[in-house]
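Visitor: Residues in the sequence shown are numbered from 0 upward in steps of one, following numbering that gives the first Met the number 0.
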Amino acid sequence: MVTNLKEKFEKYIHDHQLVGRQNKILLTVSGGVDSMVMMHLFVSAGYSVGVAHCNFQLRGIEAEEDEVLVAEQAAKLGVPCYNRRFNTREEMAATGESVQMAARRLRYGWFAELCTDEGYDTIAVAHHADDSIETFFINLLRGTGLKGLTGISVINGRIIRPLLFATRHEIYDYAKAHKIPFREDSSNRSTKYLRNKIRLGIVPRLREFVPQFTPTMCSNIDRLTDAQQFINHAIEKIMTDAVQHIGSEDIINPEKIDKGFPLDFVIYEIMSQNYGFKGDVVDSLCNALRAGSTGRRFYSRDWVAYIDRGRIAVSRIAADDECQVAVDLSKSKVYCGNSVLYIEHKDIDNIDTLIQPENVALLDADTLAEPLVLRKWSEGDRFVPFGMTGEKKVSDYLIDKKMSMAEKGRQFVLTSAGEIVWLVGQRIDGRHAITKQTENVLKITKEII
Numbered sequence: 000m001v002t003n004l005k006e007k008f009e010k011y012i013h014d015h016q017l018v019g020r021q022n023k024i025l026l027t028v029s030g031g032v033d034s035m036v037m038m039h040l041f042v043s044a045g046y047s048v049g050v051a052h053c054n055f056q057l058r059g060i061e062a063e064e065d066e067v068l069v070a071e072q073a074a075k076l077g078v079p080c081y082n083r084r085f086n087t088r089e090e091m092a093a094t095g096e097s098v099q100m101a102a103r104r105l106r107y108g109w110f111a112e113l114c115t116d117e118g119y120d121t122i123a124v125a126h127h128a129d130d131s132i133e134t135f136f137i138n139l140l141r142g143t144g145l146k147g148l149t150g151i152s153v154i155n156g157r158i159i160r161p162l163l164f165a166t167r168h169e170i171y172d173y174a175k176a177h178k179i180p181f182r183e184d185s186s187n188r189s190t191k192y193l194r195n196k197i198r199l200g201i202v203p204r205l206r207e208f209v210p211q212f213t214p215t216m217c218s219n220i221d222r223l224t225d226a227q228q229f230i231n232h233a234i235e236k237i238m239t240d241a242v243q244h245i246g247s248e249d250i251i252n253p254e255k256i257d258k259g260f261p262l263d264f265v266i267y268e269i270m271s272q273n274y275g276f277k278g279d280v281v282d283s284l285c286n287a288l289r290a291g292s293t294g295r296r297f298y299s300r301d302w303v304a305y306i307d308r309g310r311i312a313v314s315r316i317a318a319d320d321e322c323q324v325a326v327d328l329s330k331s332k333v334y335c336g337n338s339v340l341y342i343e344h345k346d347i348d349n350i351d352t353l354i355q356p357e358n359v360a361l362l363d364a365d366t367l368a369e370p371l372v373l374r375k376w377s378e379g380d381r382f383v384p385f386g387m388t389g390e391k392k393v394s395d396y397l398i399d400k401k402m403s404m405a406e407k408g409r410q411f412v413l414t415s416a417g418e419i420v421w422l423v424g425q426r427i428d429g430r431h432a433i434t435k436q437t438e439n440v441l442k443i444t445k446e447i448i
């Protein structure tokens with residue numbers, strides 16, 4: 000298995016036409032075993048490469064040691080090494096992104112700069128087969144369309160993933176056999192992340208029942224990928240007939256979609272692929288379309304859609320749009336700008352502690368009047384911050400929190416009968432807090448996506 004990994008690597012590159020000998024390849028190397036093995040394989044196979052390492056300054060001395068190891072190993076192999084340090088926390092505060100999204104944007108932006116400045120044709124990332132399988136289960140558990148079940152793509156523009164054929168076990172064996180140094184990220188052992196729960200908990204149990212689990216899953220993902228490619232091609236053809244660009248809006252006309260196609264599925268593919276709408280939001284939109292409803296607005300992160308005379312109109316969210324949506328408490332989640340709110344109904348006896356982080360709200364459910372409404376805050380909004388006795392303007396509260404203009408622009412409130420019950424991700428209104436008389440609890444958790 001170890002001895003033929005290089006042969007399999009070169010065959011995989013050839014079969015998928017990832018790069019040629021004439022190409023300059025930028026290797027993204029973190030210091031972990033996957034990327035360190037990828038660097039060794041490319042160099043030993045004689046490709047022209049350079050190494051890019053990102054230090055996001057989130058892991059203290061660990062990140063510093065990663066940086067040193069990558070630079071030393073690149074020098075030993077005789078390849079150029081580029082390093083960039085990012086103030087990731089500052090970026091997260093400015094954009095409201097999660098750490099994963101901010102880090103992804105920063106690193107790929109820098110990689111693109113390097114390609115332009117240093118003449119690299121291709122960016123190589125060291126994802127492997129087990130990463131792709133874990134991505135399948137993450138998307139399956141969170142709810143997804145077919146695209147979410149296709150794992151990680153081999154090629155995405157100029158980004159290639161030349162290790163998707165290899166398992167984590169093969170990569171470790173290769174590193175050991177060739178005495179390749181690498182570092183372990185301590186966060187990989189933390190089960191607070193869904194990926195790690197799948198990697199450390201679900202996948203080992205499945206392997207007990209299916210000895211050929213990894214190759215079987217890889218074959219399944221390949222077939223699903225083929226099916227998605229077929230769908231993508233079909234959707235492109237459908238859109239040429241069904242979508243009109245009128246001014247600043249895209250108008251989707253369901254009457255132009257072949258009656259033999261499953262309408263909701265086609266609309267989902269159009270809305271998710273082109274405008275970033277989530278599945279359950281599209282479900283609600285399709286229900287409104289069938290009911291002939293008008294006026295209700297549906298939101299993705301950057302787009303708003305509404306029904307107009309049996310057609311779907313989609314446009315960019317305007318700066319003054321409140322992004323107001325009714326919250327259906329029978330659902331498990333609702334989307335809120337660049338976040339998702341997870342909704343749970345609990346008995347007070349099942350609440351272990353009232354001490355919660357800012358992204359979690361525990362509310363006395365019996366003090367709330369439906370429908371709850373989620374919207375951006377506006378001037379004049381007031382609430383009674385938990386722990387205080389009097390009202391405070393939301394604007395003053397945000398100033399006291401030293402929020403940037405960008406952060407203020409992304410701040411939502413949850414209201415009941417027009418009254419704020421939660422400054423989302425910040426503070427609940429004390430009038431809806433849990434008391435000794437509380438029996439039913441509404442727990443809402445904000446997660447940035």
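Don't be surprised by glycine CBs; every beta carbon is placed ideally from N, CA and C.
According to DSSP, is residue 231 part of a helix, a strand, or is it coil?
Guide: Residue 231 falls in the helix class under three-state DSSP.
Visitor: Per DSSP, residue 375 forms a beta bridge with which residues?
Guide: 411, per the DSSP bridge assignment.
Visitor: Would you tell me roughly how many angstroms separate the C-alpha atoms of residue 412 and residue 379, rounded to the nearest one?
Guide: Approximately 13 angstroms, taken between the alpha carbons.
Visitor: Between the region 165-184 and the region 33-41, do three or more beta carbon pairs fall short of 8 angstroms?
Guide: Touching, per the Cβ criterion.
Visitor: What does a CB cutoff of less than 6 angstroms around residue 383 pick up in its chain, not counting 5 residues either side in sequence?
Guide: Around residue 383: 390, 428, 429, 430.
Visitor: Going by the DSSP bridge assignment, what does residue 243 pair with across the sheet?
Guide: Paired residues: 250.
Visitor: With a CB to CB cut of under 8 angstroms and the five nearest residues on each side skipped, what residues in its chain are close to residue 70?
Guide: Only 52, 80, 82 meet the Cβ criterion.
Visitor: What residue from 315, 318, 364, 347 has the CA that sits closest to residue 328's CA?
Guide: The residue with the shortest Cα to Cα distance from residue 328 is 364.
Visitor: Is the Cβ-Cβ distance between residue 438 and residue 342 less than 7 angstroms?
Guide: No, the pair does not count as a contact, with Cβ atoms beyond the cut-off.
Visitor: Compute the Euclidean distance between the alpha carbons of residue 184 and residue 195, then round it to the nearest angstrom.
Guide: C-alpha separation (whole angstroms): 12 angstroms.
Visitor: Who are the Cβ neighbours of residue 313 in its own chain at under 6 angstroms, not counting the five residues just before and after it?
Guide: Once the five neighbours on either side are set aside, the close Cβ partners of residue 313 are 249, 274, 302, 304.
Visitor: Taking the continuous alpha helix (DSSP H) assigned at residue 314, which residues delimit it?
Guide: From DSSP, residue 314 is part of no alpha helix (DSSP H) but of the beta strand (DSSP E) over 310-315.
Visitor: For residue 180, tell me which candidate among 420, 338, 65, 376 has the shortest Cα-Cα distance.
Guide: It is 65.
Visitor: Counting only runs of 3+ residues fully inside the region 116-187, write out the beta strand (DSSP E) ranges in chain order.
Guide: You should have 121-123.
Visitor: What three-state label does DSSP hand residue 342 in the structure shown?
Guide: If DSSP states are grouped into helix, strand and coil, residue 342 belongs with the strands.
Visitor: Alpha carbons only, please: which of 290, 244, 377 is nearest the one belonging to residue 409?
Guide: It is 377.
Visitor: Quick test of your reading: residue 367 and residue 415, contact by CB under 8 angstroms. State the CB separation rounded to the nearest angstrom.
Guide: Right, the Cβ-Cβ distance comes to about 5 angstroms (below 8 angstroms), so this counts as a contact.
Visitor: If contact is defined by three or more beta carbon pairs under 8 angstroms, each pair taking one atom from either stretch, is the region 7-19 in contact with the region 99-111?
Guide: Verdict: no, contact absent.
Visitor: Output the boundary residues of the beta strand (DSSP E) element that contains residue 278.
Guide: Premise fails: residue 278 lies in the alpha helix (DSSP H), 278-290, not in any beta strand (DSSP E).
Visitor: Could you tell me which residues DSSP pairs with residue 428 in its beta bridges?
Guide: Paired residue(s): 384.
Visitor: Where does the unbroken alpha helix (DSSP H) through residue 94 begin, and where does it stop?
Guide: Its alpha helix (DSSP H) spans residues 87-94.
Visitor: Using a Cβ-Cβ cutoff of less than 8 angstroms, which residues in the same chain neighbour residue 136 once the five nearest sequence positions on both sides are dropped?
Guide: Excluding positions up to five away in sequence, the list reads 197, 201, 202.
Visitor: Are the Cβ atoms of residue 68 and residue 125 separated by less than 7 angstroms?
Guide: Contact flag unset, no.
Visitor: When we look at the beta-carbon of residue 532 and count the other beta-carbons within 10 Å, is it buried (16 or more) or exposed?
Guide: Since the first residue shown for the chain is 0 and the last is 448, residue 532 is missing from the structure and cannot be characterised.
Visitor: Give me, in chain order, the residues of the same chain whose beta-carbon lies closer than 7 angstroms to that of residue 182; leave out the 5 immediate sequence neighbours on both sides.
Guide: Counting only Cβ-Cβ distances below 7 angstroms, and skipping sequence neighbours, we find 30, 31, 64, 65, 68.
Visitor: Out of 299, 332, 338, 49, which has the shortest C-alpha to C-alpha gap to residue 344?
Guide: The option with the nearest alpha carbon to residue 344 is 332.
Visitor: Looking at the unbroken alpha helix (DSSP H) that takes in residue 199, where does it start and where does it end?
Guide: Looking at the DSSP string, residue 199 is not in any alpha helix (DSSP H), and its letter there is neither H nor E.
Visitor: Quick one: what's residue 307 bridged to in DSSP?
Guide: For residue 307, which the question treats as bridged, DSSP gives the partners 310.
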